[in-house]
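Going by the working numbering, the first residue of the sequence shown is number 6, and it counts up by one from there.
Notes follow once the structure below has been shown.
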Amino acid sequence: MTLKEHIGAKKVRPVLTVVMDGVGIAPAGEANAVALARTPNLDRLMKDYPMVALKAHGTAVGLPSDDDMGNSEVGHNALGSGQVFAQGAKLVSQSIESGKIFASDTWALLTNGVKASNGTFHFIGLFSDGNVHSHIDHLKAMIERAKADGISKIRLHILLDGRDVGETSALDYVDPFEAYIAGLSDESCDIRIASGGGRMVITMDRYEANWGMVELGWKTHVLGEGRMFASAAEAIKTYRAETGVIDQDLPPFVIAEDEKPVGTIEDGDSVVFYNFRGDRAIEISRTFEAGADFDKFDRVRVPSVVYAGMLEYDGDLHIPSKYLVSPPEITNTMGEYLADTGIKQYAISETQKYGHVTYFWNGNKSGKFSEELETYVEVPSDIVPFEQRPWMKCAEITDLLIEALESGKYDCLRVNFPNGDMVGHTGSLEATVCSMEALDLQIGRILKAVDKVGAVAIFTADHGNADEMAETDKKTGAPKKNKDGSLKAKTSHTLNRVPCIIYDKVANDSYTVREDDGSFGLSAVAATVVNLLGYEKPEMWDDGIITLK
6 MTLKEHIGAK KVRPVLTVVM DGVGIAPAGE ANAVALARTP NLDRLMKDYP
56 MVALKAHGTA VGLPSDDDMG NSEVGHNALG SGQVFAQGAK LVSQSIESGK
106 IFASDTWALL TNGVKASNGT FHFIGLFSDG NVHSHIDHLK AMIERAKADG
156 ISKIRLHILL DGRDVGETSA LDYVDPFEAY IAGLSDESCD IRIASGGGRM
206 VITMDRYEAN WGMVELGWKT HVLGEGRMFA SAAEAIKTYR AETGVIDQDL
256 PPFVIAEDEK PVGTIEDGDS VVFYNFRGDR AIEISRTFEA GADFDKFDRV
306 RVPSVVYAGM LEYDGDLHIP SKYLVSPPEI TNTMGEYLAD TGIKQYAISE
356 TQKYGHVTYF WNGNKSGKFS EELETYVEVP SDIVPFEQRP WMKCAEITDL
406 LIEALESGKY DCLRVNFPNG DMVGHTGSLE ATVCSMEALD LQIGRILKAV
456 DKVGAVAIFT ADHGNADEMA ETDKKTGAPK KNKDGSLKAK TSHTLNRVPC
506 IIYDKVANDS YTVREDDGSF GLSAVAATVV NLLGYEKPEM WDDGIITLK
């Protein structure tokens, strides 16, 4: 599985791909942190070098429709594989529509186990219709089927979003859902919300950045420990009044009756983690399935349950061991082709996005294709709110990246700078502007290093975020305002295209840049990289943005 050399093409060494996470293209305005920031280096790149705008959402990255926002996981799948695969949300929807999910052996294990033990069927997951990690319609379909299959007790553990949907929209989901389950509950089936909390506080940690989040989620969902309320709505309203935080940061809560939790997880129960996206589902899955050697925190007690994920979140480590829908099989990735061709690769980011330039880039595969040819570097992220340190680890990442460039050891390098995405998700315009300016300083340093070693660099992104920091009025296109005149913060990704810029002072006479006809997506980057390296793209890949002479 090696790449074919392009006759007569210059072999550029090295080629660097810079992923400016969350940096989309949008008109300048009071809510566009990318445009508001002082970014002379990025401005120069966009003005003086070839640039194509890439589609980074919807069907271009394998999602069900073009109304669906892109995300870092599917974005890096497309960047690293050069192809578009049907992704989690679409796979789950298709499986539910066909009934395949309910005909699976895993669903039978979940339901039969609960009926045999007269136990409880628990669902844990992100509670919104953001369609990035989960969708509330998937949850409803499973609840209805569980009731039809004779389950008598169902408990829901809801992780409030405020990130892929409006930052204070939790009650827009909770209130109608409470009415929905009240109408569905009867003498044969008791359905209730049992616990919850903000997604950035409990349960949904990723890349082992903060196991304390998972511990807090375990105590909340499994043990029923925490502040008690009569309902989820009461908890949300109380915490908002007391803390003023947005949904993703709300503290955990336990629903109780007569001062007793209504839905702890016990022996004989079944548990489904219904997120389809894997990054923030792996650690809680490990916690449920690990044996006595688990050392991340004291679980106090470990109930004997049937546990399943919506998908298999890690195909190499097989986490979790049981799942309802098979994930996409992503094959023929760039990393594998480069390794088989003998190309030395270097990948680096900080913890928050390290898995994106490794696991997701390689088609949801853990580990390396070649220990000899690949170097992966993780810079530990700070465990602080991102708006308090918006520069994150961009300088430290750049230090190591420049060292790798100047070492002469690597032919192909890739880096992710998380600033525009992770800070953008906080909703703080001021902090996000700062994050972009910090990133631009590092871009300047990278350009000097690229010039020094005679490299070529591609600057792109995986989706938009920092480019649209306020909710938009669909009729006028203007940013929405709060009563005090401030912008109504938007914390989710955008539907905007992203840049793909070729910074090349050494081989730009050996190819032409294709006309930007609006057809290119993120999958075009892989072919562009191997073309610059002097190779033909594999037949199954999408075309790149250049044509070799």
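Cβ coordinates follow ideal geometry from the N, Cα and C atoms, glycine included.
This one's a predicted model, so the numbers in the text were calculated from it and none came from an experiment.
- Assigned with DSSP and collapsed to three states, aspartate 191 falls in strand.
- Around the beta-carbon of glutamine 253, 16 or more other beta-carbon atoms lie within 10 Å, marking it buried.
- By the neighbour-count criterion, in which a residue is buried when 16 or more other Cβ atoms sit within 10 angstroms of its Cβ, serine 331 is exposed.
- Per DSSP, arginine 204 is not a residue of any beta strand (DSSP E), being assigned neither H nor E.
- Judged by beta-carbon spacing, alanine 40 lies beyond the 8 Å limit of asparagine 501, meaning their Cβ atoms are not closer than that value.
- Comparing alpha carbon positions, the residue from Arg304, Ala443, Asn76, Val438 closest to asparagine 37 is Val438.
- For glycine 425, the uninterrupted alpha helix (DSSP H) run begins and ends at 424 to 427, by DSSP.
- Cβ-Cβ distances below 6 Å link valine 277 to Phe128, Ala313 in the same chain, with the five nearest sequence neighbours on each side left out; the list follows chain order.
- Linking methionine 205 to threonine 499 through their CA atoms gives a straight-line distance of about 20 Å.
- Spanning the alpha carbons of arginine 304 and aspartate 387 requires a straight line of approximately 25 Å.
- For the alpha helix (DSSP H) assignment, the uninterrupted runs of no fewer than 4 residues enclosed by the region 70 to 121 are, from N- to C-terminal side, 77 to 86, 93 to 103.
- A distance of 8 Å or more separates the beta carbons of threonine 292 and leucine 228.
- Inclusion of leucine 537 and valine 20 in the CB contact set at 8 Å is warranted, their separation being smaller than that value.
- Threonine 7 carries a coil assignment under DSSP once its states are collapsed to helix, strand and coil.
- Sequence-distant Cβ neighbours of methionine 218 in its own chain, meaning closer than 6 Å and more than five residues away, are Ile207, Asp210.
- Counting C-beta atoms within 10 angstroms of its own C-beta, threonine 225 has 16 or more neighbours from the protein chains shown and is therefore classed as buried.
- Judged by beta-carbon spacing, histidine 468 lies within the 8 Å limit of alanine 61, meaning their Cβ atoms are closer than that value.
- Listed as beta-bridge partners of threonine 465 by DSSP are Val24, Cys505.
- Of the candidates Phe299, Ile287, Asp345, Ile287 places its Cα closest to the Cα of tyrosine 318.
- Glutamate 264: not part of any alpha helix (DSSP H); DSSP gives it neither H nor E.
- Of all alpha-carbon atoms in Phe525, Lys480, Met545, Ile448, the one lying nearest the alpha-carbon of proline 45 is that of Ile448.
- In the three-state reduction of the DSSP assignment, glutamate 239 falls in the helix class.
- Exposed is the label assigned to threonine 248, since fewer than 16 other Cβ atoms lie within 10 Å of its Cβ.
- In this chain, the beta strand (DSSP E) harbouring leucine 316 covers 311 to 316.
- Inside the region 345 to 389, DSSP marks whole beta strand (DSSP E) runs of 3 or more residues at positions 350 to 355, 379 to 384, from first to last along the chain.
- The DSSP-derived three-state label of asparagine 46 is helix.
- Annotated three-state conformation of threonine 552 is strand, per DSSP.
- Counting only the Cα atoms, valine 170 lies some 28 Å from valine 267.
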